[in-house]
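> The opening residue of the sequence shown carries number 196 in the working numbering; numbering runs sequentially from there.
All C-beta atoms in this analysis are idealised placements derived from N, C-alpha and C, irrespective of residue type, glycine included.
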Amino acid sequence: TLPEIKEGPRGPVLLTLPLTRATDGLAHNLRSVLANHPGSTEVHVKLTQPGRQVLLRLDPTLRVTASPEFFGDIKALLGPAAVGS
196 TLPEIKEGPR GPVLLTLPLT RATDGLAHNL RSVLANHPGS TEVHVKLTQP
246 GRQVLLRLDP TLRVTASPEF FGDIKALLGP AAVGS
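1. I'd like to know whether the C-beta atoms of residue 238 and residue 221 end up nearer to each other than 9 Å.
2. Between which two residues does the beta strand (DSSP E) harbouring residue 239 extend?
3. Using three-state DSSP, classify residue 214 as helix, strand or coil.
4. Does residue 263 come out as helix, strand or coil in the three-state DSSP assignment?
5. Taking C-alpha atoms, which residue in 240, 223 and 259 lies nearest to residue 252?
6. Whole angstroms is fine: what's the gap from residue 272's alpha carbon to residue 225's?
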């Protein structure tokens, strides 16, 4: 039999934001949230504006543990719509 795997490999965490929200202050707060949840999951940020999207792959030093606590902190900072596709 196979051992139970509680959290297997997963793809990167994708955070989506309108470009207009991408301020220095928000970037600082986002970095703090990421630093509070260190782990092995990549984080990508998709910045959107009408007719254009840019996907940023964050530095490997900003990888996270994709836990319920992490997602709670991210949703509190960015809003629930920012998490996912």
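Working from what's here:
1. Indexing the sequence shown from 1 puts residue 238 at position 43. Indexing the sequence shown from 1 puts residue 221 at position 26. Cβ distance not < 9 Å, so residue 238 and residue 221 don't count as in contact.
2. Numbered from 1 along the sequence shown, position 44 holds the residue referred to as residue 239. Run containing residue 239: 238-244, per the beta strand (DSSP E) assignment.
3. Taking the sequence shown and counting its residues from 1, one reaches residue 214 at position 19. Residue 214: helix per DSSP, three-state reduction.
4. Mapped onto the sequence shown, residue 263 falls at position 68. Three-state result, residue 263: helix.
5. On the sequence shown, position 57 is the one that residue 252 refers to. Of 240, 223 and 259, the residue nearest in Cα terms is 240.
6. Here the question's residue 272 lines up with position 77 in the sequence shown. Here the question's residue 225 lines up with position 30 in the sequence shown. Spanning the two alpha carbons is a distance of roughly 8 Å.
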